[in-house]
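Notes for the one structure printed next.
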Amino acid sequence: MAAVSQAAGSRVLEKCGLEQILEALKLLLSPGEGSGSNSLQITKHDILLATLKSNLSALEDKFLKDPHWKILKLLRDEIAHETEWPQDSVDVTWRFTSQTLLLLLCLKETMLHLAADFSPGEPNPKTPETAPALSPDTLSVSQQKTVQSVLQFVVTLGVCPYLAPGVGVPLRFRTEFGAVVQDVVCLSTAPSATRRLYTSCRALISVAQHASLGSLVFCRHLGDIAAGLCQLGFCPSKRSSLSPEEEVLTEEERALSRKALRDILDQVYQPLAVRELLILQGGPPQSCSEGKMQVRCRAPAWLRRLCGQLLSERLMRPSGVQAVVRGILEGAGAGAAGGSDAEATAADWKKCDLIAKILASCPQQSLSPEDYYRDICPQILDLFHFQDKLAARQFQRVATTTFLTMSREQPQLAAKYLLQPVLAPLHRCLNTAEIPESDMVPGTILVTEEQLSRCIEDIYKVYVVGNEPLPVLVDSLLPVLGVLFSLYCFTKQSVSHIRSLCQEILLWILGRLERNKAVVSLKGFAGLDKSVPSLHSLCHFRAAPQGGIMITIKEAMCDEDEDEALYQKVSSEQCRVEHLGGLLSHCQECGLAGDFFIFCLKELTHMAVENETEFKMKSFSNKSLLELEQHQTLLVEGQERKLLVLQLVALLCERMSEQIFTNITQVVDFVAATLQRACASLAHQAESTVESQTLSMSMGLVAVMLGGAVQLKSSDFAVLKQLLPLLEKVSSTYPDPVIQELAADLRITISTHGAFSTETVSVAAQSTLNQKDPEGKREEQQQTSYERYSDVSHGHLEPQQSHVASHEVCEPSTTAKQKSGSVTTEELQEALLSAYDPQIPTRAAALRTLSRWIEQREAKILGMQEKLLKIFLENLEHEDTFVYLSAIQGVALLSDVYPEKILPGLLAQYDSSKDRHTPETRMKVGEILMRIVRALGDMVSKYREPLIHTFLRGARDPDSAHRASSLSNLGELCQRLHFMLGSVVHEVTACLIAVAKTDHEVQVRRAAIHVIVLLLRGLSQKATEVLRDVLKDLYHLLKHVVCLEPDDVARLHAQLALEELDEIMRNFLFPPLKLEKKITVLP
């Protein structure tokens, strides 16, 4: 009997086609006559119910009256008989849902039968480009849309209304139609809500067994089906409130629901499963149709626990970390492959921190944190090497944040399962590592090109990008610093993409290490400390075929190659020292370079002590040859060390600037090292001229600090007291009486905290300053001494004038303090003569005195404006900054008094060619013009035409610096013209657009964009009126710069201008509301 039924069913499937089933589904979905009405809510309910009844009746009429539908009716009845679910109900919505589910099952069975009977023909070799024949179960685009609409109705009517509060997203929060359906469904009639939900979920899962239909089911409705299965399989039943007559699910049905849930979660796209589980667990509130935020019912505790367990299972699966990251990031709007919002999501550090906390927390399903870290950490490291460029930045940021979070919470496990795999390629080639005998063959590749590049990139992402100096991170990187520095030196020999990464890593770790450890590491880099781990003697770096670097075993050296090996060793050490100096040049601000320099000076002192005992050879008559050879080896190594120290000192003296010392402690240590070396030389009677000069210089440096150049505090004197024993020794043993006297005086001055200071200290201080400027340019000393010593004392020191310098400039400076009208002819004549004095401080002080008199409107001064202008313009050519800045100030003040007489000459000089005036002079005149524009303020509109024409012509000058200067001045001018900009706004705009788009010099393009920033900032709300004709052109220019400009600074200026423009337009379109009350007085 079963065989006969099966044969009959097979014949029905053979005759039933997809088109007929899809036509029946369309008939069920056809809109009713009143479905487009905009009546009241209760009318919408009635219309929906009437439409569902009408469509069901129309379908039954088709089955009864149309003979072509007989086969489909037989198939439906057969499937209905097999399913055995309750189909008849007083509730129209359930009758509609059951009939729709039956037709979907008919569609699935038909598609499976068509696919089973399909046998594609052999491809024609003559026409290989012909597409293969489609399977007959393939749905067209319109058919897929029909199925999607049917599925939406089934889920809306058969699943969502029967979910418990807090399970899933309620219908009323989705669409207006969902709110109508929620009220139409009758839950009091048979079958019960739980039975309806179970029937709908099982039927949809059965439909999804076909691949095409399954993708349509789970693509949009996975969350609702998963919510239904969670409720069916895991929701605790309140058995005390159940009556015996009430229908409940059997334990077998609940088990089937639990199994179905896990099956579909394993089958679907894992990031989609993660996202839906997160929503089920409790996502953000959803917006309703009116656009207002409503508070959702919180997910029940059992559902939150279940979703957490299921999420943990997703995480523990292979590639589970990537699925969790994708699920969270794609849910944030990043898109499946990064999308247009990928950059915005990557910048969301809070979301990255959330993912990091999730990944770093050990779930309850894991046996122990170590087991969890063992499984998860390799997947986290794989996030660093994501290939998709659009999503790589997000994944790398998440990986970095997770790496740091794990290192913070579980440092031991992070060191074992994260840091060890990352640093393994470098540990493999350390001199402390044991290389297997199988890898000792010359030419064997220990670390491949890909492994080394990936290692360096991962270290950079974790340490430099993460920028969190956790102890476990610093301690793990410390042993491989020697290999990193060797790799950095090798990359300096040729072009390499990891050179900058190595440099940034070394600078980062040296800046975060404790100072003693950092100096020890530098000693290891230089080869002065053999205990620091370094590259294995049998390993060396080689260029790889793909352009990278690999680590291999060295080739065996022949006896004939000993000279070549010696040459390579010497040149390698020379290169290491030079590269170390280059690296230290970036470490001056943090003080590391100064500390290492002091260490090298102390090594020089040890060398001076060792020189005495080195040649006092003991009697080795009773020693063996082996002991003699060992002694000789030690002597050679000692000589090599001394040469290396001398080379380091010479290199540091050459490479480092005057700001190498960043605090007074370093200065004192430097002087102490010099004094100790001098005392050691005296003890061994090895005094030399160089030692004497060095000693004089160091003591002069102390005299400068004590003699009034800087203001010392009590804490500084506590540091200086370290020099007292050394100064006492020098004062008593040094043969030179001058140095003896100076050492004694310095000792007294330090002991009395500067309360008593002899003339010897002042003379020594001035002598030291003069040695640094033998041509007598003391003004430069006055200007730079404060900057230099303020760095030394970390801002605790304040400048004071030295006696000699103050004596030179006291007379002209005192005249500047005279009251108006008290300038005598003699004082004026003296100031004019001092303006040509060869002494820079005197000349600059005289120029500033003349400027002060002009500012005070002295009658005698204003009467000789032409002569003063000549003096200022001649001093404008001077190379010293102090002089020509004083001259610029004088010309600007004079132009403020007589702008109509002085401004045309300045514009002509600024607009002249290179042959008449140097570029430096034209730039100085440009500075004068900018100060004049600022000083004139609103009165600048009188000189609008000549200023704008000059600056526009300057924007086309061959000199790029002059073009940038002209554009800068143009911005200052336009910022103050406001409505007086007038008709020239078109010329100015055309100039800015042309320069910003076509100029080859980046500083000129920056200046052009900066002009727009100044223009919008100066006009503010007036911009919509003044620039109304060119505002669109300026907007297009700024967007062009933001999108296509290669220079970061120019893009930043353009972004600032766009923000200014955005603020202006917002205030223009949406002016702030003012609560005003207008009172009118009637006549």
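Throughout, our numbering is defined as the position within the sequence shown, counted from one, plus 319.
Cβ coordinates follow ideal geometry from the N, Cα and C atoms, glycine included.
Within the same chain, Cβ atoms closer than 7 Å to the Cβ of P744 are found at V766, Q770, L771 and C774, the five residues on either side in sequence being excluded.
In the same chain as D988, and ignoring 5 residues on each side of it, the C-beta atoms closer than 6 Å to its own belong to I917, in chain order. Scanning F553, S576, C549 and R573 for the CA closest to the CA of E595 turns up C549. A straight line joining the alpha-carbon of L1061 with that of P1044 spans about 14 Å.
Rounded to whole angstroms, the gap between the alpha carbons of Y1262 and L1363 is 37 Å. Put simply, the region 1332–1351 does not touch the region 1271–1280. Fewer than three CB pairs are less than 8 Å apart. With a cutoff of 8 Å on beta-carbon distance, V1330 and G1290 are scored as near each other. Comparing alpha-carbon positions, the option among A837, P1056, K873 and K1032 lying closest to S1015 turns out to be P1056. In this structure, L829 keeps its C-beta atom at 8 Å or more from the C-beta atom of C894. Less than 8 Å separates the beta-carbon of A452 from that of P439.
Residue burial is scored here from C-beta neighbours: S1285 has at least 16 other C-beta atoms within 10 angstroms and is therefore classed as buried.
Of the other Cβ atoms in all chains shown, fewer than 16 fall within 10 Å of the Cβ of P1390; this residue is therefore exposed. 8 Å or more divides the Cβ of V526 from the Cβ of L394.
Scanning its chain for C-beta atoms nearer than 8 Å, with the 5 sequence neighbours on each side dropped, one finds around C1293 the residues L1300, V1307, V1330, L1333, L1334 and G1337, in chain order. Out of A530, Q1148, R693 and K392, the CA that lies nearest to the CA of L458 is found in A530.
For M869, DSSP records a beta bridge to R861. The residue among L796, G547, K392 and Q1322 with its C-alpha nearest the C-alpha of V1368 is Q1322. Going by DSSP, I775 is part of no beta strand (DSSP E) but of the alpha helix (DSSP H) stretching over E768 to I778. Following the DSSP letters along the chain, one finds I390 inside the alpha helix (DSSP H) bounded by residues K389 to T402. In this structure, E823 lies away from V781, with their beta-carbon atoms at least 8 Å apart. For D502 and K372, the gap between their C-alpha atoms comes out near 17 Å. A Cβ-Cβ contact shorter than 8 Å links I1383 with A1342. The three-state reading of DSSP puts I764 in strand, counting E and B together. Judged by DSSP in its simplified three-state form, L854 adopts strand.
Under the three-state reduction of DSSP, L337 is assigned to helix. Using a C-beta cut-off of 8 Å, the region 476–483 makes no contact with the region 425–433, since fewer than three inter-stretch Cβ pairs fall below that distance. Annotated three-state conformation of L1377 is helix, per DSSP.
A912 sits buried, since 16 or more C-beta atoms from the chains shown fall within 10 Å of its C-beta.
A straight line joining the alpha-carbon of L344 with that of T419 spans about 7 Å. The three-state secondary structure of L453, taken from DSSP, is coil. Taking the Cα positions, F1270 is about 8 Å away from D1230. L1166 and G1209 have their C-alpha atoms spaced approximately 7 Å apart.
Contact between the region 799–816 and the region 719–738 is absent: fewer than three C-beta pairs spanning the two stretches fall below 8 Å. Residue range R1263 to G1273 is occupied by the alpha helix (DSSP H) that includes I1267. Taking 3 residues as the shortest admissible run, the region 779–832 contains no complete beta strand (DSSP E) segment at all. In its chain, beyond the 5 residues on either side, A992, Q995, R996 and A999 have a beta carbon closer than 7 Å to the beta carbon of T924.
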